[in-house]
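Structure record follows, encoded as structure tokens.
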Amino acid sequence: MSWNVFNILILVSSSLIIFISIFKLVRLEYNRTMVYLRWFTILANLVIIQVILIDIGLTNRFPWLLLLYIPFQFLSPVLFTAFTFSYLGRMDAFKKNRLLLLLPFTTFLLLYTLFKVNVFFDYAFLSKQTVAFIVAEIDENLAVGFSLLLGIWNYRTIHNYERSFGNLPYQIVMKKTNWLKGIYVTLVVLCLLWVSTILYLKINANASGHSYYYPLWIFFISFYYCFCFLGTKHLRKVSLKKSAEKASLHTVAQELGIQGLGTLFTPNELEAIEGSQFETTAILGYFATSLFDKNNTKDILWDIVGNCISKLNLEDCVIYSIDSERKKLIQKAAYGNKNIGERKILSPIEIPIGKGIVGTVAQTLNSELINDLSKDPRYIEDDLPRKSELAVPIIYEDKVFGVLDSEHSVKGFFQERHLFLFQLIAKLTATKLGLLSRKSTAEITDDNAYYKQLCLLLEKGKIYQNPELSLTAVAEKLNISGPYLSQLVNKLSNSNFSDFINSYRIRDAEYMLTDSDFTGYTNVAIGLEAGFNSKSAFYSSFKKHTGLTPSEYREKRLLVS
1116 MSWNVFNILI LVSSSLIIFI SIFKLVRLEY NRTMVYLRWF TILANLVIIQ VILIDIGLTN
1176 RFPWLLLLYI PFQFLSPVLF TAFTFSYLGR MDAFKKNRLL LLLPFTTFLL LYTLFKVNVF
1236 FDYAFLSKQT VAFIVAEIDE NLAVGFSLLL GIWNYRTIHN YERSFGNLPY QIVMKKTNWL
1296 KGIYVTLVVL CLLWVSTILY LKINANASGH SYYYPLWIFF ISFYYCFCFL GTKHLRKVSL
1356 KKSAEKASLH TVAQELGIQG LGTLFTPNEL EAIEGSQFET TAILGYFATS LFDKNNTKDI
1416 LWDIVGNCIS KLNLEDCVIY SIDSERKKLI QKAAYGNKNI GERKILSPIE IPIGKGIVGT
1476 VAQTLNSELI NDLSKDPRYI EDDLPRKSEL AVPIIYEDKV FGVLDSEHSV KGFFQERHLF
1536 LFQLIAKLTA TKLGLLSRKS TAEITDDNAY YKQLCLLLEK GKIYQNPELS LTAVAEKLNI
1596 SGPYLSQLVN KLSNSNFSDF INSYRIRDAE YMLTDSDFTG YTNVAIGLEA GFNSKSAFYS
1656 SFKKHTGLTP SEYREKRLLV S
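Numbering-wise, my numbering comes out as the position in the sequence shown, counting from 1, plus 1115.
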């Protein structure tokens, strides 16, 4: 046997990563994508180990080991492809081609079985030279070719995935695929190094043996370690974020009074939201809760434009609605310079459908993001000349209601972030208007996610200890509107916001009044510790909740103890 530093290092490294991957698989804590990652890592390293055992000479000393050899080099690329399709949520396409993808592995598995039978019968069917040629030449060349072919297919899959998102922001889609492309590029480079090694051995007649593969195998093993550990970390992060986003989106849907996210967002929109680097769900949550108690079209439209200004830091925001009979778009709500107070619009304009940027959006139902209005002849000046514009159609059940529009004095102000959020806000607006037309209203239920989050902030975060705590501050922390928070507390606690917060302060004060650690504290000091901002506020609230003054409560508890 010929042991050396390199084949020992390679054997130990591959064996270790196989052991780690199997251990992780046995724990059964991961999703399907993670399982494909593990199996790909295991089988790819088994390929290296099978060759290393031949290089060391163990198969010469123990020929029976060859009976265990399986052509995993044709199966590991299939598992990587399965990983790619699972990560992108395209497993249906993989399943359609599964039998074709497994054909090379199945073919060589049968060949390996034939070779083993052939050896058992002392090469009765095929000569030793023929078997060696097939295993050393045809097997390896086809394996590397198959890997590169699947690499091209994976690239096309990623490319088609990016294109499938239509007019959703490219940056959001790219964030998910860039990580996968990095893995793909690394694997292709390694496969090309593999091809280069094969060609070098073909050209150089004096070169032979497995020693020329040592650097290549070390590169592959290094990649597998990075893929195994960094991939696991990435998938965990994605999974946790996706779960959190889905929970938030379910709450958004609940506040609008609809069942199921599929009613509100398309699969592509849901996937883009989950992969967004922006605080998308927080903003959507605020808009949804702000719309909760709006029961007429005017209130809904004015609420939307007002929130667009405050939450997205825009200069102006206008909603146009369609007058179907006159085939014109009419300004119905506006914030910024167009708003002159009391829900009145300064010099409201009308735009024919198909004219200007807004009219084009209403006609084509496609969003428009214009970075330089001076170069767009369609631009219709409103109250002031501006430099950039964003317009998104408001569509409900395939019918256009109007257009959500914003202009800005800075060229190139609007980014993909604004486009994506405007599209989602337009969807919220359309959904709320649709529910209004069907006279469907939402209700606050006991399992309200925002109420649970509020209770968690009070019980674990003890935010009530801040004497400056206000309804507005808590609403901002929860990313919901103040009026909605007030309704939420009134409905589920049967008290107003102030009394609800004070109930936690009183509970805290009751504990401190009887705890030995606070024996040296005066009653007023305990009230201030609990979050009250004055003696009078503490005493009156304590009396209201317990029927006793702090002194009476303290004395009574001491007597009982």
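We treat Cβ as the ideally placed atom computed from N, Cα and C, and that holds for glycine.
{"Query": "Flag this pair as touching only if the stretch 1576–1583 and the stretch 1535–1554 have three or more C-beta atom pairs under 8 Å; answer yes or no.", "Result": "no"}
{"Query": "Any idea what DSSP makes of Gly1662, helix, strand or coil?", "Result": "coil"}
{"Query": "Cutting at 8 Å between CB atoms, please list the residues of its own chain near Pro1106, excluding the five before and the five after it.", "Result": "This structure cannot settle anything about residue 1106, because the visible part of the chain is limited to 1116 through 1676."}
{"Query": "Which residues bound the beta strand (DSSP E) around Tyr1511?", "Result": "1503–1511"}
{"Query": "Which runs of the alpha helix (DSSP H) fall wholly inside the stretch 1522–1552 and span at least 4 residues, in chain order?", "Result": "1531–1552"}
{"Query": "Spatial neighbours of Leu1427 within its chain, please: CB distance less than 7 Å, with the 5 preceding and 5 following residues excluded, ordered by chain position.", "Result": "His1533, Leu1536"}
{"Query": "Using the C-alpha atoms, what's the distance from Arg1672 back to Asp1632?", "Result": "15 Å"}
{"Query": "In whole angstroms, what is the alpha-carbon distance linking Ser1136 and Arg1153?", "Result": "5 Å"}
{"Query": "How many angstroms separate the CA atom of Lys1211 from the CA atom of Ala1197?", "Result": "12 Å"}
{"Query": "What three-state label does DSSP hand Ile1455 in the structure shown?", "Result": "coil"}
{"Query": "Taking only runs of the alpha helix (DSSP H) that begin and end inside the stretch 1583–1619, which ones reach a length of at least 4 residues, in chain order?", "Result": "1586–1593, 1597–1608"}
{"Query": "Please classify Tyr1450: does DSSP put it in a helix, a strand, or coil?", "Result": "strand"}
{"Query": "DSSP state of Phe1516, grouped into three classes?", "Result": "strand"}
{"Query": "Measure the C-alpha to C-alpha separation of Leu1305 and Trp1332 and round it to an integer number of angstroms.", "Result": "9 Å"}
{"Query": "Kindly indicate which three-state DSSP category Leu1283 falls into: helix, strand or coil?", "Result": "Residue placement at Leu1283 cannot be trusted, given a pLDDT of 48 that sits under 50; what the coordinates show is reported in the next sentence. If DSSP states are grouped into helix, strand and coil, Leu1283 belongs with coil."}
{"Query": "Please work out which residues of its chain come closer than 8 Å, Cβ to Cβ, to Thr1148, disregarding the five sequence neighbours upstream and downstream, and give them in chain order.", "Result": "Phe1198, Ser1201, Tyr1202, Leu1350"}
{"Query": "Cα-Cα, which of Phe1248, Trp1309, Gly1346, Ser1326 is closest to Asp1294?", "Result": "The sequence given here places Trp at residue 1294; Asp does not occur at that position. Residue Gly1346 is the option with its Cα nearest to Trp1294."}
{"Query": "For Cys1068, which residues does DSSP report across the bridge?", "Result": "Outside the shown range of the chain, which is 1116 to 1676, sits residue 1068, and nothing can be said about it."}
{"Query": "Can you tell me whether Ile1267 is buried or exposed, with buried defined as 16 or more other CB within 10 angstroms of its CB?", "Result": "exposed"}
{"Query": "Closest by CA to Leu1461, which one among Ala1640, Gln1446, Leu1484?", "Result": "Gln1446"}
{"Query": "Are Ile1313 and Phe1342 closer than 8 Å when you measure CB to CB?", "Result": "no"}
{"Query": "Pair every Cβ in the stretch 1403–1413 with every Cβ in the stretch 1596–1614, then say whether three or more of these pairs are closer than 8 Å.", "Result": "yes"}
{"Query": "Give me the Cβ distance between Arg1501 and Ser1524, rounded to the nearest whole Å; I'm assuming they're in contact under 8 Å.", "Result": "5 Å"}
{"Query": "Over the uninterrupted beta strand (DSSP E) stretch that includes Asp1438, give me the two end residues.", "Result": "1432–1438"}
{"Query": "Classify Ala1590 as buried or exposed, calling it buried when 16 or more other Cβ atoms lie within 10 Å of its own Cβ.", "Result": "buried"}
{"Query": "Go through its chain and collect everything with a Cβ distance to Thr1301's Cβ below 7 Å, but skip five positions before and after it.", "Result": "Phe1338"}
{"Query": "Taking the DSSP output, what are the residues bridged to Lys1443?", "Result": "Asp1438, Pro1467"}
{"Query": "Where DSSP assigns a beta bridge to Glu1483, which residues make up the other side?", "Result": "Ala1506"}
{"Query": "Are the stretch 1165–1178 and the stretch 1206–1221 in contact at 8 Å, needing three or more beta carbon pairs?", "Result": "no"}
{"Query": "Tell me, please, which residues DSSP counts as bridged to Ile1460.", "Result": "Asn1454"}
{"Query": "According to DSSP, simplified to helix, strand and coil, what is Thr1245?", "Result": "helix"}
{"Query": "Look at the Cβ atom of Leu1226, then the Cβ atom of Leu1190, and state whether they are nearer than 8 Å.", "Result": "no"}
{"Query": "Taking its Cβ as the centre, do 16 or more other Cβ atoms sit within 10 Å of Glu1504, making it buried, or is it exposed?", "Result": "buried"}
{"Query": "Leaving out the 5 sequence neighbours to the left and right, which residues in its chain are closer than 7 Å to Phe1187 when beta-carbon positions are compared?", "Result": "Leu1158, Leu1161, Val1162"}
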